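Trainee:
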Amino acid sequence: MRLRALLDTDALGLKLLGGADELERGVRGVMTTDLRDPSRYLSGGELVLTGLAWRRDAADSEPFVRRLVQAGVAALAAGTAELGDVPDDLVAACARHRLPLFAVHESVAFATVTEHVVRQVSGERAGDLAAVVDRHRRMMTSGPAGGGPDVVLDLLGTDLDLRAWVLSPTGRLIAGPKTAGQRETAPALPAEVCATLAAEQLAAARGGRRGPHRVTVGQTTYSLFPVSGGGRTTPAAGDARGTVLSDWVLAVEADAGDWAGERLDLLHGVTQLIAVERDRRDAARSVRRRLAQEVLELVQTGAAPAEIAARLRVAAPVLLPGLGSAPHWQVVVARVEWDGGEAEDGAAAQALLEEILVDPASTGPEQSDRIAVAHTGDEAVALVPLPAVGGEEHDGSGTGVLADTLLESVRGPLTAGLDDDGRLTLGVSAAVHSAEGLRGALEEARHARRVAAARQGRVCAAGHQELASHVLLLPFVPDDVRRAFTARLLDPLRDYDRRHRAELIPTLEAFLDCDGSWTRCASRLHLHVNTLRYRVGRIEQLTSRDLSRLEDKLDFFLALRMS
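The sequence shown begins at 150 in the working numbering and counts up one residue at a time.
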């Protein structure tokens with residue numbers, strides 16, 4: 150039902166206090182609450198009834214309304230029995246957030262409003278629509294036996310004659326419809342169509358356009374509905390650009406442009422149900438993420454190989470159930486960077502890497518269950534187990550994760566999602582056969598990612614085969630040699646930084662990262678070029694080195710990597 154219908158019902162005693170332009174909004178349910186934060190109990194489309202018991206002073210109205218808007222409610226109705234009139238601060242907050250606000254006369258019980266809304270909504274959803282919603286809710290809330298997204302898509306096909314697919318942001322098929330007999334999966338969408346639909350959805354989301362988005366591929370029109378998981382955390386940067394890179398999409402083979410409001414409401418509800426399943430699977434993934442995080446911390450802090458090996462023995466059964474012997478491992482490092490932003494976005498890289506490492510030809514959400522990805526700061530680190538096949542060892546040359554094929558099927562969609570202000574770069578190590586090799590593999594993958602970052606393009610990857618020999622040798626340099634070499638070059642700079650807070654070490658790192666480009670380095674450090682030249686000159690004076698010479702640049706590069 151529409152909000153306007155509520156206002157036109159005299160028996161409800163509603164008075165409109167704000168939001169006259171939003172009265173065509175649909176109402177899909179009703180909730181009575183006096184909680185300060187009821188968002189966890191909201192699914193979107195509700196008329197929220199409140200007696201204002203949550204309000205202690207004027208400052209409480211703004212956060213209460215903001216939470217309702219974020220949960221997607223249709224409108225707020227406040228009772229006047231407690232305070233006499235609806236407070237002006239609540240009226241102002243609703244106006245700022247474009248949330249329709251009603252006053253409920255003190256003579257009207259909330260139960261009366263609730264009964265009316267439930268009766269009207271139930272009537273409008275009579276027949277096949279009500280049956281679909283009820284069956285969806287039963288099956289999606291019944292646990293794993295419910296069947297997940299496949300059940301929802303089957304019901305869309307049998308009850309509404311709609312063919313629909315759930316796609317990952319990279320265009321991988323998560324779930325699809327069944328054939329008429331319901332015994333086998335219908336022919337899947339071609340991979341190129343999936344990639345096109347995912348790219349269109351990402352481009353629309355980055356452009357700020359609201360769904361559903363209509364796309365014509367060949368002679369077929371699809372309507373795209375984003376599936377945003379309510380339980381997932383926004384990337385560490387808090388940047389909305391990163392969130393769109395992890396959302397699934399529901400692609401319906403139909404033109405939703407002329408659909409009635411009830412059917413659109415139903416499809417939006419279906420995306421929420423699929424999001425519940427997505428969040429459930431993401432919660433299960435947290436175990437693998439934690440294992441990867443623990444291993445990464447041990448490797449980065451220089452823990453003893455025996456301690457790392459013990460942690461890997463714990464991880465192996467989780468990632469490769471039934472495996473009789475310890476697997477080999479590869480390390481993949483990814484970074485997402487945005488133009489004009491300094492915030493770290495390791496969480497966005499983590500979500501992307503978890504999807505990229507899945508075989509693009511596989512179907513279903515379970516295929517990522519054997520990938521453990523951690524994130525630290527601005528990068529994501531994946532620990533990929535590689536079981537020995539036929540007793541042969543992996544050498545990384547023709548098995549496991551290969552950098553040159555890793556991005557083939559996902560480059561188009563991700564380029565659309567990154568738009569013109571983002572980059573994704575990946576580095577892949579060779580396979581290692583023991584805990585002793587993980588430190589070298591991590592360094593190797595990070596250096597390979599730096600090689601990828603030096604290339605042109607929004608989405609780039611590089612493998613261990615592309616690294617120079619000195620990079621491969623770094624992890625195996627004895628500790629006493631490392632200390633002596635780095636102390637000779639870097640200690641004068643560290644001492645100067647301590648005394649003068651000059652930031653010469655960060656300047657040196659940025660200068661080498663930018664391949665000696667004065668303008669790019671100055672821009673990254675937010676310095677004037679003359680200030681950068683002064684700092685570089687001070688570095689050269691303190692170390693008796695010349696940063697215009699390749700040999701000296703290489704020595705500084707090695708010292709920084711070994712420090």
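Quick reminder that beta carbons are idealized off the backbone N, C-alpha and C, glycines included.
Because the structure is a prediction, the values reported are computed rather than measured.
#1: Is Arg268 helix, strand or coil when you go by DSSP?
#2: As an exercise, report each continuous alpha helix (DSSP H) stretch of at least 4 residues that is fully enclosed by the stretch 558–607, in chain order.
#3: Roughly how many whole angstroms lie between the Cα atoms of Asp644 and Asp662?
#4: Based on the DSSP secondary-structure assignment, which residues constitute the bridge partners of Ser372?
#5: What does DSSP give as the partner residue(s) for Glu195 in the beta ladder?
#6: Have a look at His649 and Arg669 and give me their C-alpha separation to the nearest angstrom.
#7: Which residue's Cα is closest to the Cα of Val197: Gly526, Thr229, Pro655 and Thr263?
#8: Hey, would you say the C-beta of Arg174 is under 6 Å away from at least one heavy atom of the ligand PLP?
#9: If we ignore side chains and look at the alpha-carbon of each, how far apart do Asp209 and Leu501 end up?
#10: Return the chain-ordered list of same chain residues with a C-beta closer than 8 Å to the C-beta of Ala275, the five sequence neighbours on each side being excluded.
#11: For Ala348, does the count of other Cβ atoms within 10 angstroms reach 16, so buried, or fall short, so exposed?
#12: Under 7 Å, do Leu172 and Arg153 count as touching if we go by C-beta distance?
#13: Quick one, are the C-beta atoms of Gln421 and Ser188 less than 7 Å apart?
#14: Would you mind giving the Cβ-Cβ distance between Val533 and Leu506, rounded to the nearest angstrom? I have them listed as a contact below 8 Å.
#15: Is DSSP giving Glu446 helix, strand or coil here?
#16: Quickly, what does DSSP pair Pro534 with across the bridge? List them, please.
#17: Which residue comes first and which comes last in the beta strand (DSSP E) that contains Ala521?
#18: Here's the rule: buried if 16 or more other CB atoms are within 10 angstroms of the residue's CB, otherwise exposed. What is Leu639?
#19: So is Gly168 buried or exposed if we call it buried at 16+ other beta carbons inside 10 Å?
#20: Could you check where the alpha helix (DSSP H) with Trp203 kicks off and where it finishes?
#21: Could you tell me if Ala432 is buried or exposed, where buried requires 16 or more neighbouring beta carbons within 10 angstroms of its beta carbon?
#22: DSSP three-state call for Ala409: helix, strand or coil?
#23: Given a threshold of 16 other Cβ atoms within 10 Å of its Cβ, counted over all protein chains shown, does Met150 qualify as buried or as exposed?
#24: Apart from the five residues on each side of it in sequence, which residues of its chain come closer than 7 Å, Cβ to Cβ, to Val467?
#25: Given this structure, state the Cα-to-Cα distance separating Ala565 from Ala496, to the nearest angstrom.
#26: Over what stretch of residues does the alpha helix (DSSP H) that includes Gly228 continue unbroken?
#27: What is the DSSP secondary structure of Arg484, counted as helix, strand or coil?
#28: Just curious, the alpha helix (DSSP H) that Val630 is in, first and last residue?
#29: Name the residue from Val401, Ala523, Thr370 and Ala483 whose alpha carbon lies nearest to the alpha carbon of Glu446.
#30: Nearest to Leu681 by alpha carbon, out of Leu653, Leu691, Thr692 and Leu703?
#31: Ignore the nearest five residues each way along the sequence and tell me which others in Phe259's own chain have a CB closer than 8 Å to its CB.
#32: Check this for me: beta carbons of Asp488 and Asp570, under 7 Å apart or not?
#33: Roughly how many angstroms separate the alpha carbons of Arg216 and Arg247, rounded to a whole number?
#34: First and last residue of the alpha helix (DSSP H) that includes Leu555?
#35: Output the boundary residues of the beta strand (DSSP E) element that contains Ala252.
#36: Here's the rule: buried if 16 or more other CB atoms are within 10 angstroms of the residue's CB, otherwise exposed. What is Pro249?
Mentor: A quick look at the data gives this:
#1: Taking the sequence shown and counting its residues from 1, one reaches residue 268 at position 119. If DSSP states are grouped into helix, strand and coil, Arg268 belongs with the helices.
#2: Taking only runs of at least 4 residues, the alpha helix (DSSP H) segments lying wholly in the stretch 558–607 are 560–567 and 587–602.
#3: Taking the sequence shown and counting its residues from 1, one reaches residue 644 at position 495. Taking the sequence shown and counting its residues from 1, one reaches residue 662 at position 513. Take the alpha-carbon of Asp644 and the one of Asp662: they are about 22 Å apart.
#4: Your numbering for residue 372 matches position 223 in the sequence shown. DSSP lists Arg363 and Val401 as partners of Ser372.
#5: Within the sequence shown, numbered from 1, the residue matching residue 195 stands at position 46. According to DSSP, which records beta bridges pairwise, Glu195 is partnered with Gly178.
#6: As a working note, residue 649 is residue 500 in the sequence shown. As a working note, residue 669 is residue 520 in the sequence shown. So the alpha carbons of these two residues sit roughly 25 Å apart.
#7: Within the sequence shown, the letter at position 48 stands for residue 197. Each of Gly526, Thr229, Pro655 and Thr263 was checked against the Cα of Val197, and the nearest Cα belongs to Thr263.
#8: The ligand PLP is absent from the structure shown, which contains no ligands of any kind.
#9: For the purposes of this step, residue 209 is taken as the residue at position 60 of the sequence shown. For the purposes of this step, residue 501 is taken as the residue at position 352 of the sequence shown. Straight-line Cα distance between these residues: approximately 37 Å.
#10: Here residue 275 refers to the residue found at position 126 of the sequence shown. Residue confidence for Ala275 is low, a pLDDT of 39 falling below 50, so the modelled location carries little weight and cannot support an answer.
#11: Taking the sequence shown and counting its residues from 1, one reaches residue 348 at position 199. Its Cβ being crowded by 16 or more others within 10 Å, Ala348 is buried.
#12: As a position in the sequence shown, residue 172 is number 23, starting the count at 1. As a position in the sequence shown, residue 153 is number 4, starting the count at 1. Yes. Within cutoff.
#13: Here residue 421 refers to the residue found at position 272 when the sequence shown is read from its first residue. Here residue 188 refers to the residue found at position 39 when the sequence shown is read from its first residue. Cβ atoms of Gln421 and Ser188: not closer than 7 Å.
#14: Residue 533 sits at position 384 when you count from the first residue of the sequence shown. Residue 506 sits at position 357 when you count from the first residue of the sequence shown. The Cβ separation is near 6 Å, so the contact holds.
#15: In the sequence shown, residue 446 corresponds to position 297, counting from 1. Three-state DSSP puts Glu446 in a helix.
#16: The residue given as residue 534 occupies position 385 in the sequence shown. DSSP lists Trp478 as the beta-bridge partner residues of Pro534.
#17: Taking the first residue of the sequence shown as 1, we reach residue 521 at position 372. Per DSSP, Ala521 belongs to the beta strand (DSSP E) from Ala521 to Thr525.
#18: Translated into positions along the sequence shown, residue 639 becomes position 490. Leu639 comes out buried.
#19: Reading the sequence shown from its first residue, position 19 is the one you call residue 168. With at least 16 other beta carbons inside 10 angstroms of its own, Gly168 counts as buried.
#20: As a first step, residue 203 is located in the sequence shown; it is residue number 54 there, counting from the start. Run containing Trp203: none; DSSP gives neither H nor E here.
#21: Mapped onto the sequence shown, residue 432 falls at position 283. Per the 10 Å Cβ criterion, exposed.
#22: The residue you call residue 409 lines up with position 260 of the sequence shown. Three-state DSSP puts Ala409 in coil, outside helix and strand.
#23: Against the sequence shown, residue 150 aligns to sequence position 1. It counts as buried.
#24: For the purposes of this step, residue 467 is identified with residue 318 of the sequence shown, where counting begins at 1. Closer than 7 Å at the Cβ level, and outside the excluded window around Val467, lie Val436, Arg437 and Leu440.
#25: The count along the sequence shown starts at 1 and reaches residue 565 at position 416. The count along the sequence shown starts at 1 and reaches residue 496 at position 347. A direct Cα-Cα distance of roughly 19 Å separates Ala565 from Ala496.
#26: By one-based count along the sequence shown, residue 228 stands at place 79. Segment Ala224 to Gly228 is the beta strand (DSSP E) holding Gly228; no alpha helix (DSSP H) there.
#27: As a first step, residue 484 must be located in the sequence shown, where it is residue number 335. In the structure shown, the three-state DSSP call for Arg484 is strand.
#28: Numbered from 1 along the sequence shown, position 481 holds the residue referred to as residue 630. Counting along the chain, the alpha helix (DSSP H) containing Val630 begins and ends at Asp628 to His649.
#29: For the purposes of this step, residue 446 is taken as the residue at position 297 of the sequence shown. Closest option to Glu446, Cα to Cα, is Ala523.
#30: The residue given as residue 681 occupies position 532 in the sequence shown. The candidate whose alpha carbon is nearest that of Leu681 is Leu653.
#31: For the purposes of this step, residue 259 is taken as the residue at position 110 of the sequence shown. Closer than 8 Å at the Cβ level, and outside the excluded window around Phe259, lie Thr181, Leu198, Gly200, Gly228 and Val253.
#32: To locate residue 488, count along the sequence shown from 1; it is residue 339. To locate residue 570, count along the sequence shown from 1; it is residue 421. Contact: yes.
#33: Locating residue 216 in the sequence shown gives position 67, counting from the first residue. Locating residue 247 in the sequence shown gives position 98, counting from the first residue. Whole-angstrom Cα-Cα distance: 13 Å.
#34: For the purposes of this step, residue 555 is taken as the residue at position 406 of the sequence shown. Note, Leu555: alpha helix (DSSP H), Ala552 to Leu555.
#35: On the sequence shown, residue 252 is found 103 positions in, with the first residue counted as 1. Run containing Ala252: Leu250 to Val253, per the beta strand (DSSP E) assignment.
#36: For the purposes of this step, residue 249 is identified with residue 100 of the sequence shown, where counting begins at 1. Under this definition Pro249 is a buried residue.
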